[in-house]
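Its first residue numbered 223, the sequence shown is counted upward by one per residue in my numbering.
Even glycine gets a Cβ: it sits at the ideal position worked out from N, Cα and C.
Working notes for the structure below.
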Amino acid sequence: IWDITICQRVKKLKGHQSFVNSIGYSRIGKDMICTGSDDRTVKVWDRRKRGEVMTFDSEYQVLAYCFNSSSDAIFSGGIDNTVKIWDLRKQDVSLRLDGHLNSPTGLELSYDGSYLASNSMDSTIRIWDIRPYFNGVDRCIKLLQGHQHNFEKNLLRVAWSPDGKRISCGSADKYVYI
């Protein structure tokens, strides 16, 4: 962890056994950090403490992650082509979002916390309705195509516009699609 005001590293989080593919802070309580790794784990850290506070074992490498808006759940995407929702209170997977035909490499929560965008190596972006009172069968409410993945530039990321009306994604063809 780096303090950008003094340009120095102030903490080193040690616990993963392989490459760390994604990292980020929770939206609430900025001391919570989550990491996803090739060691097939998702770890939750409290930067005020030594070591991780929770570890979730996955069957496959974890490529992307993000917290939900209330920071009581984590979304992760891995090489099993699935987006998982990990409940931090129950410490277990509460929901699986299936639909991608290849690994999700980017996850981004909408600003209002109602929708999750996932981009995948299958060259699609899926918009998922993650509200708890969702009544439908398939939580994937939109399927967008047009960006490209390749193995030289495969960790591409999706992002929401601040107003929630647009999504952009980096592409292996050197363009950003909006």
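(message) Need the endpoints of the beta strand (DSSP E) that residue 265 sits in, please.
(response) 263-268
(request) Could you check which residue in 357, 360, 349, 382 has the C-alpha nearest to that of residue 367? (result) 349
(request) Compare the C-alpha of residue 336 against each of 274, 276, 387, 392 and name the closest. (result) 387
(message) Can you tell me where the beta strand (DSSP E) holding residue 299 begins and where it ends?
(response) 295-300
(request) Could you check what DSSP says for residue 241 in three-state terms: helix, strand or coil? (result) coil
(message) Tell me the residue span of the beta strand (DSSP E) that contains residue 338.
(response) 337-342
(request) For residue 224, count neighbouring Cβ atoms within 10 angstroms of its own Cβ and tell me buried if that reaches 16, exposed if not. (result) exposed
(request) Starting from residue 289, follow the beta strand (DSSP E) in both directions and report where the run begins and ends. (result) 284-289
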